[in-house]
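Scroll down for the structure; my scribbles are underneath it.
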Amino acid sequence: MKPLITLLTLAALTLGGAVWADNGVDLQQSPEVTATQQGTIHQPKEQSRKPLNYVNQPPVIPHSVDGYQVTKNVNRCLQCHGTQSYLTTGAPRVSPTHFTDRDGLVSSTVSPRRYFCLQCHVPQTDAKPVVENTFRPAEGFGQ
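Residue numbers (mature numbering (1 follows the signal peptide of the UniProt record, and there is no 0)): -21 to -1, 1 to 122.
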């Protein structure tokens, strides 16, 4: 009975994968991989850096990331912000916190849990809020 269930499961997964692939879905074109902007939000190439609003806030990105690729093999952000290049590019260096893994061990490379920059750091835009925002910066921040 167990081999039959295994065979049926494998067949269902294969068929499901074939149907999904037939729909022409190209994950390489997703915004998470290509970092392309969706919609009509205006995003200048360079802006002044915004102040932080609270302790440990990930800074927002003051430039366009249109076309930047951040995948498990490529991280366009580190070409300017990495420890090997920030002095020559003038970009802020990656925070030391990005080199600590989940076990608290410090490495000489960016930790996998901090490698995908666009999970925490977002580009600045002049987009209108979708919903009312009543957030106020912590005292002494956001100025």
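All C-beta atoms, glycine included, are put in the ideal place defined by N, C-alpha and C.
Check                                                                                                                                                                  : Outcome
In this structure, how does DSSP classify H42 when only helix, strand and coil are distinguished?                                                                      : strand
Across the stretch 65 to 75 and the stretch 99 to 110, are there enough close Cβ pairs to call them in contact, namely three or more that are closer than 8 angstroms? : no
On the CB-based measure, 16 or more other CB atoms within 10 Å of its CB, does I(-17) come out buried or exposed?                                                      : exposed
Taking its Cβ as the centre, do 16 or more other Cβ atoms sit within 10 Å of P(-19), making it buried, or is it exposed?                                               : exposed
Give me the Cα-Cα distance between T88 and Q48, rounded to the nearest whole angstrom.                                                                                 : 18 angstroms
Contact between the stretch 31 to 39 and the stretch 55 to 62: three or more CB pairs below 8 angstroms?                                                               : no
Quick check on P102: does DSSP put it in helix, strand or coil?                                                                                                        : strand
Distance, Cα to Cα, P102 vs A(-10)?                                                                                                                                    : 41 angstroms
Identify whether T(-16) lies in helix, strand or coil by the three-state DSSP scheme.                                                                                  : helix
If we ignore side chains and look at the alpha-carbon of each, how far apart do L31 and N52 end up?                                                                    : 30 angstroms
In terms of alpha-carbon separation, which member of A117, T113, H100 lies closest to S43?                                                                             : H100
Is the beta carbon of D80 sitting closer than 8 angstroms to the one on S74?                                                                                           : no
Using CA coordinates, which residue listed in G119, G121, L97 is at the minimum distance from T50?                                                                     : L97
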